[in-house]
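Protein chains in written order, with numbering that gives the first Met the number 0: chain A, 0 to 92; chain B, 0 to 485. All C-beta atoms in this analysis are idealised placements derived from N, C-alpha and C, irrespective of residue type, glycine included.
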Amino acid sequence: MSSIDVKNIAYLARIAMPPQELADTEQKLQQIFALIDHLQAQDTRNIEPMAHPLALAQRSLPDVVTESDQRDKFQALAPATELGCYLVPIVIE
Amino acid sequence: MPYKTLTDLKNALEQKSISSRELMTQALTRIETLNPKLNAFISVNAEMAFKAADKADQLRAQKNHAELPPLLGLPIAHKDLFCTDGIKTSCGSKMLDNFIAPYDATVVRKCAEAGLISLGKTNMDEFAMGSSTENSYYGPTRNPWNTDYVPGGSSGGSAAAVAAGLVPVSTGSDTGGSIRQPAALCGITGLKPSYGRISRYGMVAFASSLDQGGPFARSAEDIAWLMNAMAGFDPRDSTSLDVPVPDYTADLEKSIQGLRIGLPKEYFNHSLAPSMQKIIDEALKTLEKLGAQLVEISLPHSDLAISSYYVIAPAECSSNLSRYDGVRFGYRCENPQDLNDLYSRSRGEGFGAEVKRRILIGTYVLSAGYYDAYYLQAQKVRHLIKDDFDQAFRKVDVIAAPSTPTPAFKIGEKAADPVTMYQCDIYTLALNLAGLPGLSMPVGFIEGLPVGLQLMGNYLEESRILNMAHQYQKNTDWHLQHPKDL
Numbered sequence: 000m001s002s003i004d005v006k007n008i009a010y011l012a013r014i015a016m017p018p019q020e021l022a023d024t025e026q027k028l029q030q031i032f033a034l035i036d037h038l039q040a041q042d043t044r045n046i047e048p049m050a051h052p053l054a055l056a057q058r059s060l061p062d063v064v065t066e067s068d069q070r071d072k073f074q075a076l077a078p079a080t081e082l083g084c085y086l087v088p089i090v091i092e
Numbered sequence: 000m001p002y003k004t005l006t007d008l009k010n011a012l013e014q015k016s017i018s019s020r021e022l023m024t025q026a027l028t029r030i031e032t033l034n035p036k037l038n039a040f041i042s043v044n045a046e047m048a049f050k051a052a053d054k055a056d057q058l059r060a061q062k063n064h065a066e067l068p069p070l071l072g073l074p075i076a077h078k079d080l081f082c083t084d085g086i087k088t089s090c091g092s093k094m095l096d097n098f099i100a101p102y103d104a105t106v107v108r109k110c111a112e113a114g115l116i117s118l119g120k121t122n123m124d125e126f127a128m129g130s131s132t133e134n135s136y137y138g139p140t141r142n143p144w145n146t147d148y149v150p151g152g153s154s155g156g157s158a159a160a161v162a163a164g165l166v167p168v169s170t171g172s173d174t175g176g177s178i179r180q181p182a183a184l185c186g187i188t189g190l191k192p193s194y195g196r197i198s199r200y201g202m203v204a205f206a207s208s209l210d211q212g213g214p215f216a217r218s219a220e221d222i223a224w225l226m227n228a229m230a231g232f233d234p235r236d237s238t239s240l241d242v243p244v245p246d247y248t249a250d251l252e253k254s255i256q257g258l259r260i261g262l263p264k265e266y267f268n269h270s271l272a273p274s275m276q277k278i279i280d281e282a283l284k285t286l287e288k289l290g291a292q293l294v295e296i297s298l299p300h301s302d303l304a305i306s307s308y309y310v311i312a313p314a315e316c317s318s319n320l321s322r323y324d325g326v327r328f329g330y331r332c333e334n335p336q337d338l339n340d341l342y343s344r345s346r347g348e349g350f351g352a353e354v355k356r357r358i359l360i361g362t363y364v365l366s367a368g369y370y371d372a373y374y375l376q377a378q379k380v381r382h383l384i385k386d387d388f389d390q391a392f393r394k395v396d397v398i399a400a401p402s403t404p405t406p407a408f409k410i411g412e413k414a415a416d417p418v419t420m421y422q423c424d425i426y427t428l429a430l431n432l433a434g435l436p437g438l439s440m441p442v443g444f445i446e447g448l449p450v451g452l453q454l455m456g457n458y459l460e461e462s463r464i465l466n467m468a469h470q471y472q473k474n475t476d477w478h479l480q481h482p483k484d485l
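This is how it looks when you write it as structure tokens:
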């Protein structure tokens, strides 16, 4: 992983990092990837990937309303709301 | 009273030799005295606890035992990642420092329905990412056996609270060892149940295919009582198992004569110090004396568990933690210039270093060009690890191993080196990848610090490992030891 990679990944992950933090993170990620890269040596031809410990099918639910409207309660947690909407900086002028 | 088991306290309440209010008063006084030293709790709810205790005492005065919830009026503490209606759920993070959940997690609701009274929320590594509870926004928790040492993590506050006798039981979550490792380092008993056994609804998500809530207690018997309260199907969790829940106390007294214990050769030759080996061997000899047979087995892909885990868990973490964007809840940065600045600075300022590292690893391994080499490869290796356990459980009933490679380490000793920290969970990660249940129980000490033995079971066979642990604890007294200078 080069420094450009870390900067790009931080952008993709939407995490702002000052240059010093970026450098420290890059050094630690290099060490972590040295550990992870151990995986590459294993032959996994004909092995199915396992996404989940249970072979479960998603349950279907009846198509009926089961939850009540709790918008005000949920929006009480928000940093900024107005008229039932979440406020963010202007996106389109 | 502080080091009594839940079962002892339950009997005392039933015999009316103590009231629930008296229990709460004693526990809260102890928390007030010791929490400044240990930092096991992030928040304490004295007022609500007393209210619930008075209600429990009234109920007990009016009805027979048989009509009452089984754990009525007994204290518990919840790891601060279980949502609690009206009480802060911080997940150990600045990101959620102002978050008061609008609902209770199913685990919290079920514990309350069983009669347990929550005294507060316990400290943890931020978003359950860590093995020492040093990654908390609220400062590290200290090990009650020696406060210069870590209690393990990520559920370190819950483990320390039980070990210090602040509460008889607590809840935790285990994604890669976060119940078993702190249970071992704090000298108590902790169980990671089978994946799907306990609802994850309202448990703040870290890695959804690995996360599982579970109990800490002073004994396997107490764990069985907690499992009776916590386990069961929940339609609100799409991965919750819709199968009957046994009475986990029913098999505790069974003989373990003839049960086969598998000893994976890969776990007993891998960086295990001779002092650890000696204690584990003694514990195994005790189990052998009780009638169990020791059988060498192999889990051939064990050495790949750590690298597979550190691809899969961060991948799921990067996806789960994308919800923290400073818009609907949680931390928001000051004066965002635009929407991207709002997202990036809220996340950059709201998350701690370890959480950010894991989000970045996850983002990288899921990105185009790296997905096959890392994420898909890790999932294939996960399959191999699961197959190893399937093969092993054809030959044995339980698998035993150390819970950790060493006893507790000093605060700050490993904090600067994430790879060394990740090695703390070398014996616990594989079980999460396979979705199986595992328990850690105390089996000895090295220089005054506890050592844990891990008992792993086949899928949904919690009763069998609780039976084995209970039989061990009936014949030994390691689980009755407690710190002397608190």
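Roughly how many angstroms lie between the CA atoms of B:Leu303 and B:Val380, to the nearest whole one?
The alpha-carbon atoms of B:Leu303 and B:Val380 are separated by roughly 7 Å.
So if I threshold CB-CB distances at 8 Å, which residues from the region 340 to 357 of chain B count as touching chain A?
Near chain A, meaning a CB-to-CB distance below 8 Å, the residues of the region 340 to 357 of chain B are Asp340, Leu341, Tyr342, Ser343, Arg344, Arg346, Gly347, Glu348, Phe350, Ala352, Lys355, Arg356.
Spatial neighbours of A:Gln39 in its chain, beta-carbon cut-off 7 Å, leaving aside the 5 residues before and after:
Closer than 7 Å at Cβ, skipping near neighbours: no residue.
Measure the alpha-carbon distance for A:Ala56 versus A:Ile14 and round it to whole angstroms.
Using only the alpha carbons, I get a separation of about 35 Å.
Beta-carbon spacing of B:Met440, B:His478 below 8 Å
Closer than 8 Å, so yes.
Quick check on the DSSP output: the beta strand (DSSP E) that includes B:Ala399 runs from which residue to which?
Boundaries of the beta strand (DSSP E) around B:Ala399: 397 to 401.
Just to make sure I have the definition right: I need the residues of chain B whose C-beta is within less than 8 Å of the C-beta of A:Leu38. Which are they?
Here the neighbours are Leu303, Ser306, Ser307, Val310, Tyr373, Gln376, Ala377, Val380.
Secondary structure of B:Lys413, DSSP reduced to three states
Three-state result, B:Lys413: coil.
Throw me the rounded Cβ distance for the B:Leu22 and B:Gly72 pair, which I believe falls under 8 Å.
With a beta-carbon spacing of about 7 Å, B:Leu22 and B:Gly72 fall inside the 8 Å limit used to define contacts.
Below 8 Å between beta carbons: does that hold for B:Met128 and B:Ser172?
No, they are not a contact pair.
Within the chosen definition, does the region 43 to 58 of chain A reach the region 372 to 387 of chain B through at least 3 CB pairs nearer than 8 Å?
At 8 Å Cβ cutoff, the stretches touch.
Starting from B:Gly155, follow the alpha helix (DSSP H) in both directions and report where the run begins and ends.
DSSP places B:Gly155 in the uninterrupted alpha helix (DSSP H) bounded by 155 to 162.
In this structure, how does DSSP classify B:Pro74 when only helix, strand and coil are distinguished?
DSSP places B:Pro74 in strand when its eight states are reduced to three.
Name the residues in the region 430 to 453 of chain B whose C-beta lies less than 9 Å from a C-beta of chain A; which are they?
In summary, the residues of the region 430 to 453 of chain B whose CB is separated from some CB of chain A by less than 9 Å are Asn431, Leu432, Ala433, Gly434, Leu435, in the order they occur in the chain.
Can you name the residues of chain A whose CB is closer than 7 Å to the CB of B:Leu383?
Ordered by position in chain A, the residues that pass the 7 Å Cβ test against B:Leu383 are Ile46.
Identify the residues that DSSP records as bridge partners of B:Asn474: which are they?
Answer by DSSP bridge pairing: none, since B:Asn474 is not bridged.
Tell me the DSSP secondary structure of B:Thr174 in three-state form.
The answer is coil: DSSP assigns B:Thr174 none of H, G, I, E or B.
For B:Cys185, the three-state DSSP class (helix, strand or coil)
In this structure, B:Cys185 counts as helix in the three-state DSSP scheme.
Residues in the region 7 to 28 of chain A having any Cβ partner in chain E nearer than 7 Å:
The chain inventory of the structure shown lacks chain E, comprising the protein chains A and B.
Pairing CB atoms from the region 129 to 136 of chain B with CB atoms from the region 84 to 101 of chain B, are three or more of them under 8 Å?
The region 129 to 136 of chain B is in contact with the region 84 to 101 of chain B.
Can you tell me which of B:Leu225, B:Arg346, B:Leu209 puts its alpha carbon nearest to the alpha carbon of B:Tyr309?
Nearest of B:Leu225, B:Arg346, B:Leu209 to B:Tyr309, Cα basis: B:Leu209.
DSSP on B:Ser345, reduced to helix/strand/coil?
Annotated three-state conformation of B:Ser345 is helix, per DSSP.
Nearest CA to the CA of B:Ser239: which residue from B:Gln61, B:Tyr471, B:Thr105?
Nearest C-alpha to B:Ser239: B:Thr105.
How would you write the range of the alpha helix (DSSP H) that A:Val64 sits in, first residue to last?
No alpha helix (DSSP H) holds A:Val64; DSSP gives it neither H nor E.
Let's test the definition: count the other Cβ atoms within 10 Å of the Cβ of B:Ala48 and tell me whether it reaches 16, buried, or not, exposed.
Of the residues assessed, B:Ala48 falls on the buried side of the cut-off, its CB having 16 or more other CB atoms within 10 angstroms.
Considering A:Arg58, what are the terminal residues of the alpha helix (DSSP H) in which it resides?
Where A:Arg58 is concerned, there is no enclosing alpha helix (DSSP H), given that its DSSP letter is neither H nor E.
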